[in-house]
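What follows is a single structure, written as structure tokens, with notes after it.
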Amino acid sequence: MEKVPEQCRVEDALNIITGKWKPIILLHLLQEGTQRFSELKQKMPGVTQKMLTKQLRELEEEDIIQRTIYPQVPPKVEYAMTDYGRSLEPILEAMHEWGRNHTLRKRQKQQSPTS
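Numbering (the UniProt record's numbering), first residue to last: 1 to 115.
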């Protein structure tokens with residue numbers, strides 16, 4: 001399939017999954033299944049409640065994750081990957097591997113003597 005640069009949709013895809021915390025949120029939900037807001041917050045101590053809420057809402061708006069609210073006191077809210085969101089798993093895995101390999105490459109380059 002020929003790809004025409006002017007019609008490239010990579011930027012569209014990246015706009016959906018990028019954000020400081022979105023990849024981490026997605027990986028937690030993919031690997032650990034359904035999580036409560038407090039569980040996600042605890043696993044990402046550097047994120048503010050406001051930022052976590054924002055990133056979760058953006059992912060929910062794109063139908064990547066699903067939010068379920070249970071009518072109880074105190075309110076219980078859970079987040080899970082949608083079937084559509086699960087289609088990102090091989091992409092995120094490939095990006096993780098590329099990032100790991102790139103980091104190793106940079107480290108090796110820094111350690112090798114310059115010519």
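For every residue, glycine included, the Cβ atom is placed at its ideal position computed from N, Cα and C.
Quick caveat, the model's predicted, so the values are computed rather than measured.
Residue i to residue j span [Cα, whole Å]
| i | j | result |
| --- | --- | --- |
| GLU60 | LYS3 | 29 Å |
| PRO90 | ILE17 | 13 Å |
| LEU72 | HIS102 | The displayed chain sequence assigns Gln, not Leu, to residue 72. Looking at the two C-alpha atoms, the distance is approximately 47 Å. |
| ILE25 | GLY85 | 12 Å |
| GLY33 | GLU62 | 19 Å |
| ASP12 | GLN110 | 34 Å |
| LEU92 | LYS106 | 21 Å |
| GLU6 | GLY99 | 26 Å |
| GLN31 | SER112 | 36 Å |
| ASN15 | PRO74 | 34 Å |
Residues near residue i by beta carbon distance below 8 Å, same chain, minus five either side
| i | result |
| --- | --- |
| TRP21 | MET44, VAL47, MET51, LEU52 and GLN55 |
| MET95 | PRO23 |
| GLY19 | GLN55 and GLU58 |
| LYS41 | VAL47, GLN49 and LEU52 |
Residues of its chain near residue i, where Cβ-Cβ distance is below 6 Å and the 5 sequence neighbours each way are ignored
| i | result |
| --- | --- |
| GLN66 | ALA80 and THR82 |
| TYR70 | LYS76 |
| PHE37 | VAL77 |
| THR68 | GLU78 |
Residue i: first and last residue of the uninterrupted beta strand (DSSP E) it sits in
| i | result |
| --- | --- |
| residue 124 | Here the chain has residues from 1 to 115 only, and residue 124 is not among them. |
Cutoff 7 Å; reference residue i; Cβ partners in own chain excluding five residues on either side
| i | result |
| --- | --- |
| residue 124 | Because the chain here runs from 1 to 115, residue 124 falls outside it and cannot be looked at. |
Reduced DSSP category for residue i - H, G, I as helix; E, B as strand; rest coil
| i | result |
| --- | --- |
| LYS109 | helix |
| GLU6 | helix |
- prompt: Can you list the beta strand (DSSP E) stretches of 3 or more residues lying completely in the UniProt domain "HTH hxlR-type" (8–107), in chain order?
  reply: The UniProt domain "HTH hxlR-type" (8–107) contains these whole beta strand (DSSP E) runs: 65–70 and 76–81.
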